[in-house]
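What follows is one structure encoded as structure tokens, with my remarks underneath.
2 protein chains.
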Amino acid sequence: MKLYDFNRAPNPRRVRIFLAEKGLEVELVPVNLFRMEQLTPEFRQINPSCTVPVLETDDGEHISESLAICRYIEAVQPEPRLFGADALGEARTLMWNGIVEHEGMTAVAEMLRNLSPGFRDHVFPGPVPYPQIPALVERGAGRTAQFLDRMEARLADSSWLAGDDFTFADIALLVTVDFAKWVEIDGREGRPALAAWHEKISARPSAGA
Amino acid sequence: MKLYDFNRAPNPRRVRIFLAEKGLEVELVPVNLFRMEQLTPEFRQINPSCTVPVLETDDGEHISESLAICRYIEAVQPEPRLFGADALGEARTLMWNGIVEHEGMTAVAEMLRNLSPGFRDHVFPGPVPYPQIPALVERGAGRTAQFLDRMEARLADSSWLAGDDFTFADIALLVTVDFAKWVEIDGREGRPALAAWHEKISARPSAGA
């Protein structure tokens, strides 16, 4: 297996952390999004969506989308279990991961892409240019704060996001909280449960991936 | 089990079709989003994200997020398999479902929510009001067309979205194509492979769910 990766982007980091938790090492193939390398004809053959991460299986098949990649890795290397121990554990993991993706990651990305000069005229990774919309920066800030408050409430009640076990959903949240620093939001400020959780998860060796 | 549902919204339809394919019937509890019933104190207890669908398990636990719900149903009732037959089949299903969610469903929703008077000052289902941003209508139209072209290219090569088998990803695409009619986009026009796929999937009894 090898992984098309960019070490500055949040979604590839989700997969790198997941691999580290599994104790797996795979070849990393860098695709520099800052240099628009996702738009080369070669990479567009690999992934027409022009996103990273992409996993290349040993049979040469290309799988995009972080969740799809991590579920595949979970099947290849089941232990330690990162999608819960049973059907309900998996449902909780996917639920919290979905909330992080739809309410958190999207909101932070909306801010960064509509704010940073690097994304001017090209707010999505694909081949079609779309201009920045400044109103989305303010909207993204509001949604990010709302999301972080929701996480604070959850983590005040639960040691990990999906319950008693560390899961893929925690990885998604870690990556989102760290990604928010790019838009100068420190989610830990004024949120003690989120801060304690962040300290605990950041101490795992995988967090350095 | 029972399902908190709204019969006019695309995501609850994904779960209703999934249940129909499994031959399962569950109690449906309507939450009328047109009347903002997702914001009642009672429903906010059930789902603080204020979204439908939400599955209530027999133990009284509430699971939101369509994918989480459908994976749970797949575990309760494995046949017919709707997430592929093996690890690679599941990865393909989740990859294509992710593409439909991130590139298709989001784009159509962006159009509708920023266009329709029903969403004025409240473009997200949650409790916090956010105003419409008219520039997102045009952006959403461009992204929707780009997404539909991608689906046409895929379905010209593959009988179902994730390969030879009908899966959860096809349900996501059906719901998205039908949802686009709300913003007066008929994805089948000028896209023969998508049109043939749509005719085939719409003939399944579950499509009426």
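Residue numbers (the working numbering), protein chains in the order written: chain E, 6 to 214; chain C, 6 to 214.
Cβ atoms here follow ideal geometry from the backbone N, Cα and C, with glycine treated the same way.
From a predicted model like this one, the values you see are computed outputs, not experimental measurements.
Proximity test, Cβ basis, 8 Å: E/Ser121 and chain C: False, the Cβ-Cβ gap to chain C never drops below 8 Å.
Cβ-Cβ distance between C/Tyr9 and C/Val31 below 8 Å: For C/Tyr9 and C/Val31, no; Cβs fall outside 8 Å.
Simplified DSSP assignment, three categories, for E/Leu29: In this structure, E/Leu29 counts as coil in the three-state DSSP scheme.
Paired residues, beta bridge with C/His67 - DSSP: Paired residue(s): C/Glu61.
Interface positions of the segment 194-209 of chain E facing chain C (Cβ-Cβ less than 9 Å), listed along the chain: Legend: CB atoms of the segment 194-209 of chain E lying less than 9 Å from CB atoms of chain C are not found in any residue.
E/Leu160 at chain C interface by Cβ criterion, 8 Å: Not an interface residue.
Proximal residues, the segment 124-144 of chain C versus chain E, C-beta separation under 8 Å: So the close ones are Phe129, Gly131, Val133, Tyr135, Ile138, Ala140, Leu141, Arg144.
Chain E contact for C/Ala112 (CB, 8 Å cutoff): Output row for C/Ala112: interface = no.
Validate contact between the segment 147-155 of chain E and the segment 103-115 of chain E using beta carbons, cut 8 Å, 3 pairs: With the cut-off at 8 Å, the segment 147-155 of chain E and the segment 103-115 of chain E touch.
Under 7 Å (Cβ pairs) to chain E, residues found in the segment 146-178 of chain C: Going along the segment 146-178 of chain C in chain order, one finds Gly147, Gln151, Arg155 with a Cβ nearer than 7 Å to chain E.
Reference C/Ile78; option with closest CA among C/Asp170, C/Asp169, C/Met6: For C/Ile78, the closest of C/Asp170, C/Asp169, C/Met6 by C-alpha to C-alpha distance is C/Met6.
According to DSSP, residues forming a beta bridge with C/Lys7: According to the DSSP secondary-structure assignment, C/Lys7 is paired through a beta bridge with C/Glu32, C/Glu61.
Rounded distance between the beta-carbons of E/His203 and E/Val188, thought under 8 Å: The C-beta distance from E/Val188 to E/His203 rounds to 17 Å, too long to fall under 8 Å, and the pair is not in contact.
With 16 other Cβ atoms within 10 Å as the buried cut-off, status of C/Leu29: Classification of C/Leu29: exposed, given that the 10 Å Cβ count is below 16.
Minimum Cβ-Cβ distance from C/Leu117 to chain E less than 8 Å: Cβ-Cβ to chain E under 8 Å: no for C/Leu117.
Exposure of C/Pro46, with buried meaning 16 or more beta-carbon neighbours within 10 Å: Exposed, by the Cβ-count rule.
Residues of the segment 44-58 of chain C with Cβ closer than 7 Å to any Cβ of chain E, in chain order: Here the close residues are Pro53, Ser54.
Short CB-CB distance (under 8 Å) between C/Ser69 and chain E: Closer than 8 Å to some Cβ of chain E, the Cβ of C/Ser69 qualifies, so yes.
Neighbourhood of E/Ala214 by C-beta distance below 6 Å, restricted to the same chain and skipping five residues each side: For E/Ala214, where only same-chain residues beyond five positions count, the Cβ hits under 6 Å are Arg21, Ile22, Ala25.
Residue-level contact to chain C via CB, E/Val81, 8 Å cutoff: Output row for E/Val81: interface = yes.
Partners in chain E for C/Arg76, counting only beta-carbon separations shorter than 7 Å: The answer, in chain order, is Glu95, Ala96, Leu99.
CB contact below 8 Å: E/Glu108 versus chain C: With a threshold of 8 Å between beta carbons, E/Glu108 makes contact with chain C.
E/Ile104 at chain C interface by Cβ criterion, 8 Å: For E/Ile104, the answer is yes, since a Cβ of chain C falls inside 8 Å of its Cβ.
Environment of E/Ala14 [buried if 16+ CB atoms lie within 10 Å]: Label assigned to E/Ala14: buried.
Amino acids of chain C, ordered along the chain, whose beta-carbon sits closer than 7 Å to that of E/Ala73: In chain order: Ala96, Leu99, Met100, Gly103.
Same chain only: Cβ atoms within 6 Å of C/Leu178, ignoring 5 sequence neighbours per side: So the qualifying residues of the chain are Val105, Leu166.
Proximity below 8 Å, CB of C/Phe11 to CB of C/Leu44: Contact: no.
Outcome for C/Gly123 when other beta-carbon atoms lying within 10 angstroms are tallied against a minimum of 16: Label assigned to C/Gly123: exposed.
Three-pair Cβ contact test at 8 Å for the segment 156-173 of chain C versus the segment 189-202 of chain C: When Cβ pairs closer than 8 Å are counted between the two stretches, the segment 156-173 of chain C is seen to touch the segment 189-202 of chain C, the count reaching three or more.
C-beta neighbour in chain C for E/Ala92, strict 8 Å: Interface with chain C (8 Å Cβ-Cβ cutoff): E/Ala92 is included.
E/Val3 vs E/Pro17 beta-carbon contact at 8 Å: Any question about residue 3 of chain E goes unanswered here, given that chain E covers just 6 to 214.
E/Arg144 versus C/Glu194 - alpha carbon distance: The alpha-carbon atoms of E/Arg144 and C/Glu194 are separated by roughly 34 Å.
Start and end residues, alpha helix (DSSP H) containing C/Phe171: For C/Phe171, there is no enclosing alpha helix (DSSP H), as DSSP marks it with neither H nor E.
Minimum C-alpha distance to C/Leu60 - residue among E/Ala96, E/Asp126, E/Pro134, E/Met41: Comparing Cα-Cα distances from C/Leu60 to each of E/Ala96, E/Asp126, E/Pro134, E/Met41, the minimum goes to E/Ala96.
Where the alpha helix (DSSP H) through C/Pro46 begins and ends: Going by DSSP, C/Pro46 is part of the alpha helix (DSSP H) stretching over 46-51.
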